[in-house]
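Colleague:
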Amino acid sequence: MGVQEMDPLSQLSLPPGFRFYPTDEELMVQYLCRKIAGHHFSLQIIGDIDLYKFDPWDLPSKAIFGEKEWYFFSPRDRKYPNGSRPNRVAGSGYWKSNRFRVHFV
4 MGVQEMDPLS QLSLPPGFRF YPTDEELMVQ YLCRKIAGHH FSLQIIGDID
54 LYKFDPWDLP SKAIFGEKEW YFFSPRDRKY PNGSRPNRVA GSGYWKSNRF
104 RVHFV
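Residue 108 is where the sequence shown ends in this note's numbering, and the numbering goes up by one at each step.
#1: Secondary structure at Tyr97, three-state DSSP: helix, strand or coil?
#2: Is it buried or exposed, Ile39, if we count other Cβ atoms within 10 angstroms and call 16 or more buried?
#3: Shortest alpha-carbon distance to Trp98 belongs to which of His43, Gln33, Thr26 and Tyr55?
#4: Who are Asp51's beta bridge partners in DSSP?
#5: Please report how far the alpha carbon of Ala66 lies from the alpha carbon of Met31, in whole angstroms.
#6: By alpha-carbon positions, which one of Pro78, Arg88 and Tyr74 ends up nearest to Tyr34?
#7: When we look at the beta-carbon of Phe68 and count the other beta-carbons within 10 Å, is it buried (16 or more) or exposed?
#8: Decide if the region 39-48 is in contact with the region 77-90; the criterion is three or more beta carbon pairs, one per stretch, under 8 Å apart.
#9: Nearest to Trp53 by CA position, among Arg37, Gly94, Lys71 and Cys36, is which residue?
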């Protein structure tokens, strides 16, 4: 008799037809800033994982919600102890940044 893993989506009790399509600004203001400030969310729709421990093709199975897009909170590790560059080594390769910084006002 093995241990069965519980489907995270079934634990959310979402209404039929629920969709999660936040804008970049909503992600920053409503989720990331609140997460950094220590606020807890009544609905845990964004999971906490260390992205850099996984290859991209492993991420869909780690997502709490989503079919084509997945959202995660992930700690940021530095490449050098006193530097500001992030360490992007992951799984069998590395993550490449393909977007400039986005500034919100």
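Glycine included, every Cβ here is placed at the ideal spot set by N, Cα and C.
Modeller: Taking the geometry as given:
#1: As a position in the sequence shown, residue 97 is number 94, starting the count at 1. Per DSSP, reduced to three states, the secondary structure at Tyr97 is strand.
#2: Residue mapping note: residue 39 aligns to position 36 of the sequence shown, counting from 1. Result: exposed.
#3: The residue given as residue 98 occupies position 95 in the sequence shown. The residue with the shortest Cα to Cα distance from Trp98 is Tyr55.
#4: Against the sequence shown, residue 51 aligns to sequence position 48. Per DSSP, Phe76.
#5: For this step, residue 66 is matched to residue 63 along the sequence shown. For this step, residue 31 is matched to residue 28 along the sequence shown. Looking at the two C-alpha atoms, the distance is approximately 19 Å.
#6: By one-based count along the sequence shown, residue 34 stands at place 31. Comparing Cα-Cα distances from Tyr34 to each of Pro78, Arg88 and Tyr74, the minimum goes to Tyr74.
#7: For the purposes of this step, residue 68 is identified with residue 65 of the sequence shown, where counting begins at 1. Label assigned to Phe68: buried.
#8: no
#9: For this step, residue 53 is matched to residue 50 along the sequence shown. It is Asp, not Trp, that sits at residue 53 in the sequence shown. Among Arg37, Gly94, Lys71 and Cys36, the Cα nearest to that of Asp53 belongs to Gly94.
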